[in-house]
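Going letter by letter, the sequence shown gives residues -22 to -1, 1 to 313 in mature numbering (1 follows the signal peptide of the UniProt record, and there is no 0). Glycine residues also receive a C-beta, built at the ideal position from the N, C-alpha and C atoms. Inspection log for the structure reproduced underneath, given as structure tokens.
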Amino acid sequence: MRIRNCAVIGAGILLAAGCSHAERQARTAGEHGVVKGRATATRSPSPTPPPPRKIDCDRVKCVALTFDDGPGPYTARLLDTLKKNGARATFFMLGENVGAHRDLVRRMALEGQEVANHSWSHPDLTTLSSSEVRSQIQRTQKAVKDASGITPTLVRPPYGSTNKRVEHAIGMPLVLWSVDTLDWRYRDVARDTRVGVNEPKSGGIVLFHDIHKPSVDSIPKVVDGLRKRGFTFVTVSELFTGRRLAPGASYNERTAPPVQVTASPPAGGSSTGPPAASKPPTAPAPTGSAPGAPAPDASASRAPVPGSPAPSGPTPSGPAPSGLAPAPPLPVSPR
């Protein structure tokens, strides 16, 4: 049985409005009208996605929940939970799963969730030729766009496995994670909840899988627990607002320390939020971080995730690119 990978959270100050990845018109398939006795395919009226949000995660305590390997049989219930709690997340989807769940992909976009690419069939991309890598990504790009009207801008390589050749072939920012819940292994609601609530730090990216029932069952308490810790739930793109994500670079967190906040924002994700407490003394930039923004983010690295399946091709070596700090060691999810 194959195991697969996949999300953004936080509570604080919302400085503007919107989800930058929900601005395009989503397309609807399968609806028909009758014209002069003939059934003809028609498009539904233009959907109304939520307005874009602009959240400064240097001032707000943000966390990004991410979900891999869907859509699946539990994704609709997960979307219900996120909507009820006014929480945004990012879905790294497999192209082969999109066709049977086009309505869910469209719903993600309309509700302000971020749609992203996790390859077509979840292979270790380092074992494929460059043309095969491009096919895995491009087929999924098309499937997601056809379902939602939105072209993904982020990729999560299966297993977190990558190398320079894969990075070049994909040509898009790669998103890893700072917290691996290992939900695919344990399939335990209590454990998923405990890890999901206790381990995230400000600017973190948390990995869940929406293809497993216990994972989805844990999310209501995870959202509640993280909100009590002062987190605001954001998409991955919102997490990096104001920072340029470089094609081929890997990102597992946003590292800048936030201003302390006093309360959670309204559950509906309003652009108005609680006032910030007095700003603490400026902390020194993380070692190796870029001297200023917008520059490639300090959490970027071109190194593969430690513990990933051994790639068949050459692995990157040498120092990180100028202005980038190597990503810290990450736990690796076999799926």
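Within the same chain, 190, 192 come within 7 Å of residue 165 by CB-CB distance, once the 5 residues on both sides are set aside.
Less than 8 Å separates the beta-carbon of residue 146 from that of residue 226.
According to the DSSP assignment, residue 73 belongs to the alpha helix (DSSP H) that extends over 73 to 76. Secondary structure remark: continuous beta strand (DSSP E) runs of at least 3 residues inside the segment 153 to 214, in chain order: 182 to 187. In this structure, 231 is the residue among 142, 115, 231 with its C-alpha nearest to the C-alpha of residue 213. For residue 46, the enclosing beta strand (DSSP E) begins and ends at 40 to 46.
Under the three-state reduction of DSSP output, residue 53 falls in the helix class. Secondary structure at residue 92: strand, using DSSP grouped into helix, strand and coil.
The continuous alpha helix (DSSP H) containing residue 122 extends over residues 108 to 126.
For the pair residue 75 and residue 49, the Cα-to-Cα distance works out to about 6 Å. Judged by DSSP secondary structure, residue 148 falls within the alpha helix (DSSP H) whose first and last residues are 142 to 148.
Under the three-state reduction of DSSP, residue 59 is assigned to helix. Within its own chain, the residues whose Cβ lies closer than 7 Å to the Cβ of residue 53, once the five positions on either side in sequence are excluded, are 79, 82, 188, listed in chain order. Look at the beta carbons and you see the segment 156 to 172 not touching the segment 116 to 134: under three pairs across the two are nearer than 8 Å. Burial is judged here by how many other beta carbons sit within 10 angstroms of a residue's own beta carbon; residue 215 has at least 16 and is buried. Leaving aside the five residues that flank residue 111 on each side, the residues in its chain whose CB is nearer than 7 Å to its CB run, in chain order, 103, 144, 147, 148.
By the CB criterion at 8 Å, residue 46 and residue 70 fall inside the cutoff. In this structure, residue 185 places its C-beta atom within 8 Å of the C-beta atom of residue 44. For the pair residue 92 and residue 224, the Cα-to-Cα distance works out to about 19 Å. Partner residues in the beta bridge of residue 133, as assigned by DSSP, are 95, 152. In terms of Cβ geometry, residue 228 and residue 140 form a close pair [threshold 8 Å]. Straight-line spacing of the CA atoms in residue 152 and residue 142 works out to 12 Å. By the C-beta density criterion, residue 109 is exposed, having fewer than 16 other C-beta atoms within 10 angstroms.
For the set 100, 85, 150, 168, the Cα lying nearest the Cα of residue 127 is the one of 85.
Proximity to residue 219 across 36, 138, 29 peaks at 36, based on C-alpha coordinates. When the five nearest sequence neighbours on each side are left out, the beta carbons in the same chain lying within less than 7 Å of the beta carbon of residue 123 are those of 129, in order along the chain. Taking each of 41, 138, 221 in turn and checking the Cα distance to residue 206, the smallest one comes out for 41.
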